[in-house]
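**Q** Next up is a structure, given as structure tokens.
Protein chains: 2
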Amino acid sequence: MELSKEIYLAIHSVIGSRSVVLHEPEFTGKEWDYLKECLDSTFVSSVGKFVERFERDLEKFTGARHAIAVVNGTAALHIALKLSGVVSNDEVLIPALSFVATANAVSYCGATPHFVDSEDSTMGIDANKLRIYLEEISRQEGQFCINKSTGRIIRAIVPMHTFGHPSDIDQLIKVSKDFNLFLIEDAAESIGSFYKGRHTGTFGLMGALSFNGNKTITTGGGGAILTNDDFLATRARHITTTAKLPHKWEYRHDEVGYNYRMPNLNAALGCAQLEQLPQKISSKRNLFNLYQAAFDQIKSVKLISEPHNCISNYWLQALLLNTENEQERDEVLQLLNQEGYMSRPAWIPLHKLPPYKLCPRMDLSKVNSLATRIINIPSSSGLVKSLI
Amino acid sequence: MELSKEIYLAIHSVIGSRSVVLHEPEFTGKEWDYLKECLDSTFVSSVGKFVERFERDLEKFTGARHAIAVVNGTAALHIALKLSGVVSNDEVLIPALSFVATANAVSYCGATPHFVDSEDSTMGIDANKLRIYLEEISRQEGQFCINKSTGRIIRAIVPMHTFGHPSDIDQLIKVSKDFNLFLIEDAAESIGSFYKGRHTGTFGLMGALSFNGNKTITTGGGGAILTNDDFLATRARHITTTAKLPHKWEYRHDEVGYNYRMPNLNAALGCAQLEQLPQKISSKRNLFNLYQAAFDQIKSVKLISEPHNCISNYWLQALLLNTENEQERDEVLQLLNQEGYMSRPAWIPLHKLPPYKLCPRMDLSKVNSLATRIINIPSSSGLVKSLI
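Those protein sequences? They're chains B and F, same order as listed.
Taking the numbering used here, the leading residue of the first sequence gets 1, the next gets one more, and so forth.
Taking the numbering used here, the leading residue of the second sequence gets 389, the next gets one more, and so forth.
Next comes the structure, spelled out in structure tokens:
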């Protein structure tokens, strides 16, 4: 049987005949109650009790000391990078295999993305390969890591937890310490994912979450900054609310700030969604188990599972074609989409996009290979029932 | 009688004894219906029919050929400036009397605000004074206006329609043409305001609206770009949605883009609010008329009325103290706020804020004078009934 047909039948055995998108939100909790309450209060904008509550609920769920709710994940990452000290002319190490927002946030700081290769097991940054690379191309000057060929400061490293699977955080922290780099986590895809029992996004100096409509939980548009640092949390709150100093009536702003605060209306949705997060993640695990059983017999493809010592939120289920089958990817995508199972490949690697073609990079052979072999298949929590 | 007491009594005669904020939204239309419909559709995020509809409704209301809904007014202005060609090291002429977002949007482009004085009648940019100033400090080089002392290109001029009152647009257009400047309108405060029968924000190359919670209508957080230029509209849509090229499954982005699209959830609120805009403006006109009658007897203060040939939305009602009474401003603010009538002075002029203290500026004597004499008093559309 053709591989595309085999894959189609495996998905069919799990979710049956129906037309489904890659990922859609579900509103089966108190969404409507909270939205109505928000509307009745007239506080729909940048001030209101749902914003505060959403932040406290996020802190409770993630274990982060501080959560600051903002308009989206891109804004969260922008501010996290800026407050960590990323400035014009810096370089920032980011995975070449990521959504474009990771690179854009670096650009907004006037800095340059420097692309890093991935490892097979997590699809995230390969810490060992990066260490060997940095030993070769960088030198330490005082507390700075300097790119020997560009002369620029390599200021930070931004692991991204691909499709919800945590990167190899322990090793990445070691690299960041050994080379004097700030660690900022792009946890846009990984709310509900844990590395050795600790929530992703809480290991680095700061972390960024996303609540876009395609994520595990949504606020319409939204994101959050996580940090355990009191000073940075205060700075983040200040700079995301136009850097206005508190005063009864005066409008005094003490630095260039941003209009990045999450509106109360969106936070109301978020509070209801967060209450359902454990059930959603349970459904997604259940879906993974069913897919795994269905794909077990297909030798040319592997369903990606959570890394060792990790709990993944299984945001997007991902198939990995064997190397010898990579040329069949588009045929698979064609059939699945045609049959109503919305599926897509990984993002085009960032170093191949026009705005980032000239950025520095290490050998990216693993990313180039993964990008031709990954297929994300329907992953919504509503596809199967929660087991809790 | 003390001036503060006189002013208090005048306000009391209009709105009675109650505790009121400066401006609050009212949700008396189909807000609940549309929010529920949005939630039921599951399309709460960056794609959905309410975003499209809100844009079409805005085009109809304003007469702009294109409206592009974005996350807030700051984002709208940022993109409008960027697409007009404002780049690093440019200067942009903006009123010193404005909310900080006007200057911040210039900063986000890597450009420098160049502060301009206001005129009494509109509180907006004084076109004649600006013309005389530019003749003195600038020279034309090809199609560029060069600041003779800094050597930088003065790229654009950004009139802001203060508290909803249209600036002197005809004269400003002439200045922009004579000195080769792009005209971008900061119409954040002026939805529903018209200059010679045409909606504010539709005269320049691009215009920016805001739907923050304190504005005449709100989407929680939100804004829109207005333009009559097809090419710029296409560019604005593209760059505010991460510059992703349309494709069934590929994620190809052809430039550094932004995550600035308004979520469908917020647009749902906007559609309902826009339906009520004529009534809201009628209420605000009615409130102005009642305040005007009440303040008519107080010689030391003037209620600011719409400029000649203009229809103002009367977003914020503004009192102007006579010059000899400016030292009584804080006493008035103290009493009004203490008695429950939330009131505030104009913004601290932008050239006095720490991040903008060193920016170039013309003589700003009028702004400095206005800023010590303006008091905004309670202005919500819900304070009095609509007459339509």
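Yeah, the Cβ is synthetic: ideal placement off N, Cα and C, and Gly gets one too.
Assess contact between the segment 170-180 of chain B and the segment 207-227 of chain B, defined as three or more Cβ pairs (one per stretch) separated by less than 8 Å. Is contact present?
**A** no
**Q** Could you spell out where the beta strand (DSSP E) holding Asp574(F) opens and where it closes?
**A** 570-574
**Q** Any chance the CB of Ala452(F) is under 8 Å from a heavy atom of the ligand ADP?
**A** Looking for the ligand ADP in the displayed structure turns up nothing, as the structure carries no ligands at all.
**Q** Less than 9 Å between CB atoms is the rule here; does Val755(F) satisfy it with respect to chain B?
**A** no
**Q** Would you identify the three-state DSSP class for Val527(F), choosing helix, strand or coil?
**A** At residue 527(F) the sequence reads Arg, which differs from the Val that was named. Arg527(F) falls in the strand class under three-state DSSP.
**Q** Three or more C-beta pairs closer than 8 Å, one from the segment 409-421 of chain F and one from the segment 368-382 of chain B: is that the case here?
**A** no
**Q** Give, in chain order, every residue of the segment 20-45 of chain B whose Cβ lies closer than 7 Å to some Cβ of chain F.
**A** Glu24, Pro25, Phe27, Glu31, Trp32, Leu35, Lys36, Leu39, Thr42, Val44, Ser45
**Q** Just mark Glu524(F) as buried or exposed, buried being the case when its beta carbon has 16 or more other beta carbons within 10 Å.
**A** Exposed, by the Cβ-count rule.
**Q** On the three-pair Cβ rule with 8 Å, is the segment 395-404 of chain F touching the segment 632-639 of chain F?
**A** no
**Q** DSSP three-state call for Ser598(F): helix, strand or coil?
**A** strand
**Q** In chain B, which residues lie with their C-beta within 9 Å of the C-beta of Ser769(F)?
**A** Contact note: Ser769(F) does not reach chain B at a C-beta cutoff of 9 Å; the least C-beta distance is about 12 Å.
**Q** Does the beta-carbon distance from Leu364(B) to Phe163(B) come in below 9 Å?
**A** Pairing Leu364(B) with Phe163(B) gives a Cβ-Cβ distance that is not under 9 Å.
**Q** Measuring only between beta-carbons, confirm whether Glu255(B) sits less than 9 Å from chain F.
**A** yes
**Q** Do we get a CB-CB distance below 9 Å when we pair Tyr8(B) with the residues of chain D?
**A** In the displayed structure, chain D is absent; the protein chains listed are B and F.
**Q** State yes or no: is the beta carbon of Arg623(F) nearer than 9 Å to at least one beta carbon in chain B?
**A** no
**Q** Using the beta-carbon count (16 or more within 10 Å), is Ser401(F) buried or exposed?
**A** exposed
**Q** Answer with yes or no whether the minimum CB distance from Asn516(F) to chain B is below 9 Å.
**A** no
**Q** Rank Trp347(B), Ile154(B), Leu3(B), Leu77(B) by C-alpha distance to the C-alpha of Ser88(B) and give the top, closest one.
**A** Ile154(B)
**Q** Along the chain, where does the alpha helix (DSSP H) that runs through Phe43(B) open and close?
**A** Element bounds for Phe43(B): n/a, residue is neither H nor E.
**Q** With which residues is Leu319(B) paired in a DSSP beta bridge?
**A** Beta-bridge pairing links Leu319(B) to Leu303(B), Ile375(B).
**Q** Given that a residue counts as buried once 16 or more other Cβ atoms are within 10 Å of its Cβ, and exposed if not, what is Ile132(B)?
**A** exposed
**Q** Please name the residues in the segment 680-705 of chain F whose beta-carbon is closer than 8 Å to at least one beta-carbon of chain B, in chain order.
**A** none
**Q** Roughly how many angstroms separate the alpha carbons of Phe487(F) and Leu350(B), rounded to a whole number?
**A** 37 Å
**Q** Rounded to the nearest angstrom, what separates Leu514(F) and Ile557(F) at their Cα positions?
**A** The sequence shown places Asp at residue 514(F), rather than the Leu named in the question. If I take the Cα positions, the gap works out to 10 Å.
**Q** Report yes or no: do the segment 196-212 of chain B and the segment 45-64 of chain B share at least 3 C-beta pairs separated by less than 8 Å?
**A** yes
**Q** By Cβ distance below 7 Å, which residues in the same chain neighbour Gly192(B) in space, the five residues on each side in sequence not counted?
**A** Thr216, Leu277, Ile281, Asn313
**Q** Could you round the C-beta distance between Leu226(B) and Met206(B) to whole angstroms and report it? I think they count as a contact, below 8 Å.
**A** The beta carbons of Leu226(B) and Met206(B) sit about 7 Å from each other, so the pair counts as a contact at 8 Å.
**Q** By the criterion of Cβ-Cβ separation under 9 Å, what are the contact partners of Lys437(F) in chain B?
**A** Going along chain B, no residue has its Cβ under 9 Å from Lys437(F), so there is no contact; the nearest lies around 14 Å.
**Q** Could you tell me whether the segment 35-55 of chain B touches the segment 431-440 of chain F, using the rule of 3 or more Cβ pairs below 8 Å?
**A** no
**Q** Suppose only complete runs of 4+ residues qualify. What are the alpha helix (DSSP H) ranges in the segment 602-637 of chain F, listed by chain order?
**A** The qualifying runs are 618-627.
**Q** With the cut-off set at 9 Å, would you say Asn654(F) and Gly270(B) are in Cβ contact?
**A** no
**Q** Taking C-beta pairs closer than 9 Å, name the residues in chain F that Glu328(B) reaches, listed in chain order.
**A** Result: empty, since nearest Cβ-Cβ is about 15 Å, beyond 9 Å.
**Q** For Ala612(F) and Asn674(F), what's the separation of their Cα atoms in angstroms?
**A** Taken atom to atom, the span from the alpha-carbon of Ala612(F) to that of Asn674(F) is near 27 Å.
**Q** Name the chain B residues whose beta carbon is nearer than 7 Å to that of Thr462(F)?
**A** Within chain B, the residues near Thr462(F) are Asn259.
**Q** For Pro355(B), go through chain F and note every residue whose CB falls closer than 9 Å to its CB, in chain order.
**A** Ala631, His641, Asp642, Glu643, Val644, Gly645
**Q** Between the beta-carbon of Asn490(F) and the beta-carbon of Cys747(F), is there less than 9 Å?
**A** Inspection of the sequence shows that residue 490(F) is occupied by Thr rather than by Asn. Here Thr490(F) is not near Cys747(F), since their CB atoms are 9 Å or more apart.
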